[in-house]
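Take 10 as the starting number for the sequence shown in my numbering and just add one per residue. See below for the structure under consideration.
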Amino acid sequence: MLRTALSCLGCAALLAACAPTLTAPTLGRIVNAKTGQEGVVTFLPGALWSGGTTDNNVTIQIGNQTYLGRAVLLDAAVLPGRSNFDLSFGLGASQWDGIAGWGWGTRLGTPPAPRTVLRTGNLIAKTTAATPLTLTCTLQVDASDHGIGDCTGSDGARYALQF
């Protein structure tokens, strides 16, 4: 009985390990800087990492307009931490019961962790109307896929983006 239960549990663990990992899309908002009209931005899973596909990976809904487009991000650069080398030297002399003494010392600290900067990129989206409207955006994304952006519409409208 125990052997059967363990076999079933082992098979379930094996199947779970082989299953693809599903991640939810990243949702955000877009706001017209002049009118205050808000919309919804949806980034498909993986859209906020470098090396994206050539397919559309972003949907933007503002009022009755739906934009489809692609976000492309560049790899983040890692800035090296500054050197944390401390050297101290001291001398002291004394005499105690006829014995002279002196001392010196050094200190070597560990360097601070390197800093990862934001991934930057852009987003280009357009409507599917006969005369399409376009949005071009610049993006900044952190390691946890949160970010901000500034967008400009083909009609001159400016937008702020948060996700």
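We treat Cβ as the ideally placed atom computed from N, Cα and C, and that holds for glycine. The structure presented is a predicted model; accordingly, all values stated were derived computationally and were not measured.
Exercise. Helix, strand or coil: which one does DSSP assign to K43?
Worked result: The answer is coil: DSSP assigns K43 none of H, G, I, E or B.
For this session: Can you say whether N73 is buried or exposed, counting buried as having 16 or more other CB atoms within 10 angstroms of its CB?
Result: By the 10 Å Cβ count, N73 comes out exposed.
Exercise. Measuring CB to CB, does L57 end up less than 8 Å from A33?
Worked result: no
For this session: Check each candidate in L77, V67, Q149 and G158 and name the one with the smallest Cα separation from A138.
Result: L77
Exercise. If you scan the segment 48-91 from start to end, which runs of the beta strand (DSSP E) of 3 or more residues do you find wholly inside it?
Worked result: Counting only runs of 3 or more residues that sit fully inside the segment 48-91, the beta strand (DSSP E) segments are 67-71 and 74-82, in chain order.
Problem set entry | Residues near T147 in its chain [Cβ-Cβ closer than 7 Å; skip 5 each side] | N131, G158 and D159
Exercise. Grouping DSSP H, G and I as helix and E and B as strand, with all else coil, what is T140?
Worked result: Reduced to three states, the DSSP call for T140 is coil.
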